[in-house]
Amino acid sequence: MQKIAKIITKIIDFVYSPFQNYIPRELFRYAVCGGGNMVLDWVLYFITYNFIIGHDLVYLNLPAFDFRLSTFDFIQLCLTPHIASLCIVFPITLLTGFWLNKYVTFTRSTLHGARQLMRYILIVAVNLGVNYFGLKLLVEHFGWYPTPSKICITLFTVIISFLGQKFYTFRR
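The numbering of the sequence shown is the numbering used here, which starts it at 352 and goes up by one.
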């Protein structure tokens, strides 16, 4: 995996040369890696929403412990298709985003990898909350289509993510 990170870094740094007088290298790497991960997120969301979930409600039977009877039972949870798609895509882009940030963008951080991952998950959890409530607002209350709604929300969370990753997760 380190070799892949070095190849990606070399490609990004090669493309960076015309921009070096205008944008710091770290910000450029973040923009390219984050942009790539964001496009991956949008594509996976589109495919999941339109072809895997198929615009249908998703019913989950989750085990639950009934303390009154001391037995396990099942509760049924219903997810709207746009939220179910978010739940499927989220773990994938969480891992690809962390990997790109750790090994390509913020390589100078001296924090231990496990601590970085926990901090990264915290920042991403904030973004997940913004995504969840943003999708609920834009899709269910304003009647927007799910994919454009997801794109608008993601553009907003980019700012939260960069500041959190730079100054908290991968600080030096």
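Quick reminder that beta carbons are idealized off the backbone N, C-alpha and C, glycines included.
Collapsed DSSP secondary structure at residue i in the structure displayed
i, result
"tyrosine 410", "strand"
"leucine 430", "strand"
"phenylalanine 423", "strand"
"phenylalanine 416", "strand"
"asparagine 372", "coil"
"serine 460", "coil"
"arginine 522", "coil"
"glycine 405", "coil"
"arginine 496", "Note that residue 496 is tyrosine in the sequence shown here, rather than arginine. Correct three-state label for tyrosine 496: coil."
"methionine 389", "helix"
Proximity winner among the options, relative to residue i (alpha-carbon distances)
i, options, result
"threonine 444", "Phe402, Val390, Arg419 and Ala435", "Val390"
"alanine 356", "Tyr496, Arg522, Thr498 and Thr456", "Thr456"
"threonine 431", "Asp417, Val409, Ser421 and Phe441", "Val409"
"tryptophan 495", "His433, Ser512 and Gln516", "His433"
"arginine 523", "Thr498, Thr461 and Pro499", "Thr461"
"threonine 458", "Val366, Leu378, Asn372 and Pro497", "Leu378"
Burial state of residue i, where buried means 16 or more other Cβ atoms lie within 10 Å
i, result
"lysine 501", "buried"
"lysine 361", "exposed"
"asparagine 412", "exposed"
"tyrosine 555", "For the chain, the structure presents residues 352 to 523; residue 555 sits outside this window and is missing."
"valine 383", "buried"
"glycine 611", "Coverage of the chain is limited to positions 352 through 523, which leaves residue 611 absent and any answer about it impossible."
"lysine 354", "exposed"
"leucine 486", "buried"
"valine 440", "buried"
Between the region 434-450 and the region 460-479, do at least 3 Cβ pairs fall closer than 8 Å?
yes
Stretch-stretch touch, CB-based, cutoff 8 Å, three pairs: the region 386-400 with the region 478-495:
no
Would you call the region 474-486 and the region 506-514 in contact, with 3 or more CB pairs under 8 Å?
yes
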